[in-house]
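**Student:** Here this note's numbering is used: the sequence shown runs in plain steps of one and ends on residue 381.
I'd like to ask you about the structure that follows.
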Amino acid sequence: MDSFADDLRYMRLALDLGRRGLGNAWPNPAVGAVIVNDGVIVGRGWTQPGGRPHAETEALRRAGEAATGATLYVTLEPCSHHGKTPPCADAVIAAGISRVVAALEDPNPEVAGQGLARLREAGIEVETGLCEEGARRAHAGHIRRIRDGRPHVTLKLAVSADGKSGLAGRRPVQISGEVARARVHMMRAMNDAVLIGIGTALADQPLLTCRLPGLQKRSPVRVVLDSKLRLPVEHSLVETARETPLWVIAAPDAPVDKEKALREAGVEVVRSGRGEGGLDLKRALSALGEKGVSRLLVEPGPILAASLLKAELIDEAVVIRSPAALGAAAIDAIEGLPLKALTDSLKFRIAAQDKLGADQLTVYERI
15 MDSFADDLRY MRLALDLGRR GLGNAWPNPA VGAVIVNDGV IVGRGWTQPG GRPHAETEAL
75 RRAGEAATGA TLYVTLEPCS HHGKTPPCAD AVIAAGISRV VAALEDPNPE VAGQGLARLR
135 EAGIEVETGL CEEGARRAHA GHIRRIRDGR PHVTLKLAVS ADGKSGLAGR RPVQISGEVA
195 RARVHMMRAM NDAVLIGIGT ALADQPLLTC RLPGLQKRSP VRVVLDSKLR LPVEHSLVET
255 ARETPLWVIA APDAPVDKEK ALREAGVEVV RSGRGEGGLD LKRALSALGE KGVSRLLVEP
315 GPILAASLLK AELIDEAVVI RSPAALGAAA IDAIEGLPLK ALTDSLKFRI AAQDKLGADQ
375 LTVYERI
């Protein structure tokens, strides 16, 4: 029982360490690793910015010779293939690790159990499945991109007590309080990219950066869905494109001269296929997946929120509800649908709740 309790404690620590890389490790998964020898933690690691070095390599470097005969706790199966770095499985074997506890087998077909098999062949004791559910949550973006070719999509909605998101005439209004806004900035830091539609871009002039003290450099790539390339070069997003990356996803027939102007301003323009009424959302998300984005935060207006919901492209939703109402004349948070179409849907369940000052945060995850 004590041994299991220790294993659980160390794996939970590995999961906590891995979260440090969320939003900063892509295109690689944000893995955490802990090395323990005779009850003493001798090495810790998490995936470094840009995805390298890997968590196991970092932990082994810090452990040094103390890794010999130790146990490695890792949130995802050590890789077994040669990419931009040598296989972590080989490094684990060379370091003399005697036991590996992995929370989750890597769904990447280049790994898919081969790393664990290599460890077993080398005589290392291997156990899997500890904290598996937590690891699946932590690596949801990696799993989604491998399996479906698109990022894990988290929808963020700030709504009034009566389910509204803006004033009549689509005028923006500040709904949530300071504590909730700080949480949203942290969410940005923990995602690879943040996405909005062109309507929100033009109406709100958002920066979409993380402005928490010390985390400004953790701002995600900003992405705008703009089928006709209506985003002006004088826009605040474009004016800061050389400081924080900005990608604009446009339709194949969007004006070439507008693309040229945006590119000259430092914007990356991505062409994607058209769908009914605008861009094909599935193809747009796939384009982001091809560029390595695995965790995508969407801060939509009502139209984009409705489109994503109808297309069943929302994996997780964070709803921040204010205690104040905006009234019947205000606009719905989801175009043409009540908020209950999301919050009471049988396709979602409540995963977490939190109180943020006067606001209530609820996390819904797709079942």
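Where is the CB? At the ideal position from N, CA and C, for every residue including glycine.
Please read these numbers as outputs of a predicted model, since none were measured by experiment.
Please look up how many angstroms separate the CB atoms of residue 78 and residue 42, rounded, as I've assumed it's under 8 angstroms.
**Tutor:** The pair is not a contact, with the Cβ atoms about 24 angstroms apart (cut-off 8 angstroms).
**Student:** Report all residues from its chain with a CB closer than 6 angstroms to the CB of residue 371; omit the five preceding and five following residues, and keep chain order.
**Tutor:** 191, 193
**Student:** Find out if the Cβ-Cβ distance for the pair residue 307, residue 151 is shorter than 9 angstroms.
**Tutor:** no
**Student:** With H, G and I counted as helix, E and B as strand and the rest as coil, what does DSSP make of residue 72?
**Tutor:** helix
**Student:** Shortest alpha-carbon distance to residue 124 belongs to which of 103, 140, 348, 48?
**Tutor:** 103
**Student:** For residue 154, I'd like the list of residues in its chain whose CB is within less than 8 angstroms of its CB, leaving aside the five on either flank, ordered along the chain.
**Tutor:** 166, 309, 329, 330
**Student:** Ignore the nearest five residues each way along the sequence and tell me which others in residue 350's own chain have a CB closer than 7 angstroms to its CB.
**Tutor:** Excluding sequence positions up to five before and after residue 350, its CB lies within less than 7 angstroms of the CB of 320, all in the same chain and listed in chain order.
**Student:** Please give me, in chain order, every unbroken run of the beta strand (DSSP E) with length at least 3 that falls completely inside the stretch 148 to 207.
**Tutor:** 166 to 173, 178 to 180
**Student:** First and last residue of the beta strand (DSSP E) that includes residue 375?
**Tutor:** Segment 373 to 380, the beta strand (DSSP E) holding residue 375.
**Student:** Starting from residue 108 and walking both ways along the alpha helix (DSSP H), at which residues does that stretch end?
**Tutor:** Here the alpha helix (DSSP H) through residue 108 covers 102 to 108.
**Student:** Of all the options 148, 171, 109, 229, which has the alpha carbon lying nearest to the alpha carbon of residue 356?
**Tutor:** 171
**Student:** By how many angstroms is the C-alpha of residue 162 removed from the C-alpha of residue 132?
**Tutor:** 27 angstroms
**Student:** Work out the CA separation of residue 247 and residue 275 for me, nearest whole Å.
**Tutor:** 7 angstroms
**Student:** Helix, strand or coil, according to DSSP, for residue 15 in the structure here?
**Tutor:** With a pLDDT of 42 at residue 15, under the threshold of 50, the modelled position of this residue cannot be trusted; read the value that follows with caution. Of the three classes helix, strand and coil, the one that applies to residue 15 here is coil, per DSSP.
**Student:** Tell me, to the nearest whole angstrom, how far the beta carbon of residue 173 is from that of residue 189; I am working on the premise that it is less than 8 angstroms.
**Tutor:** 7 angstroms
**Student:** Would you call residue 285 buried or exposed, if buried means 16 or more other Cβ atoms sit within 10 Å of its Cβ?
**Tutor:** Burial call: exposed.
**Student:** So, helix, strand or coil for residue 258, using DSSP?
**Tutor:** DSSP places residue 258 in coil when its eight states are reduced to three.
**Student:** Can you tell me where the beta strand (DSSP E) holding residue 295 begins and where it ends?
**Tutor:** DSSP places residue 295 in no beta strand (DSSP E) but in the uninterrupted alpha helix (DSSP H) bounded by 295 to 304.
**Student:** Would a C-beta distance cut-off of 9 angstroms place residue 30 and residue 53 closer than the cut-off?
**Tutor:** no
**Student:** Starting from residue 367, follow the alpha helix (DSSP H) in both directions and report where the run begins and ends.
**Tutor:** It is not in any alpha helix (DSSP H) - residue 367 instead sits in the beta strand (DSSP E) that spans 362 to 370.
**Student:** Answer with buried or exposed for residue 301, where buried requires no fewer than 16 other C-beta atoms within 10 angstroms of its C-beta.
**Tutor:** buried
**Student:** Taking all protein chains shown into account, do 16 or more other C-beta atoms lie within 10 angstroms of the C-beta of residue 339, making it buried, or fewer, making it exposed?
**Tutor:** exposed
**Student:** Do residue 217 and residue 4 come within 9 angstroms of each other at the CB atom, strictly closer than that value?
**Tutor:** Outside the modelled stretch of the chain, which goes from 15 to 381, sits residue 4, for which no answer is possible.
**Student:** Evaluate residue 366 with the Cβ neighbour count: other Cβ atoms within 10 Å of its Cβ, from every protein chain shown; 16 or more gives buried, anything less gives exposed.
**Tutor:** Exposed, since its Cβ has fewer than 16 Cβ neighbours within 10 Å.
**Student:** In this structure, how does DSSP classify residue 20 when only helix, strand and coil are distinguished?
**Tutor:** Helix, per DSSP.
**Student:** Nearest-angstrom Cα distance between residue 379 and residue 23?
**Tutor:** 26 angstroms
**Student:** Which residues bound the beta strand (DSSP E) around residue 47?
**Tutor:** 46 to 51 is the span of the beta strand (DSSP E), which, as asked, contains residue 47.
**Student:** With the cut-off set at 9 angstroms, would you say residue 224 and residue 256 are in Cβ contact?
**Tutor:** No, they are not a contact pair.
**Student:** When the Cα atoms are used, what is the spatial distance from residue 195 to residue 324?
**Tutor:** 27 angstroms
**Student:** To the nearest angstrom, how far is the alpha carbon of residue 296 from that of residue 327?
**Tutor:** 8 angstroms
**Student:** Can the beta-carbon of residue 377 be found less than 9 angstroms from the beta-carbon of residue 332?
**Tutor:** yes
**Student:** On a Cα-Cα basis, can you pick out the residue from 343, 238, 369, 352 that is closest to residue 180?
**Tutor:** 343
**Student:** Which term fits residue 362, buried or exposed, when burial requires 16 or more other beta carbons within 10 angstroms of its beta carbon?
**Tutor:** Buried: at least 16 other Cβ atoms inside 10 Å.
**Student:** Looking at residue 60 and residue 206, is the spacing between their C-beta atoms short of 9 angstroms?
**Tutor:** no
**Student:** By Cβ distance, which residues of its chain are closer than 7 angstroms to residue 38, with the 5 residues on each side in sequence left out?
**Tutor:** Answer for residue 38: 63, 232, listed in chain order.
**Student:** Can you check DSSP and say which residues form a bridge with residue 86?
**Tutor:** 49, 114
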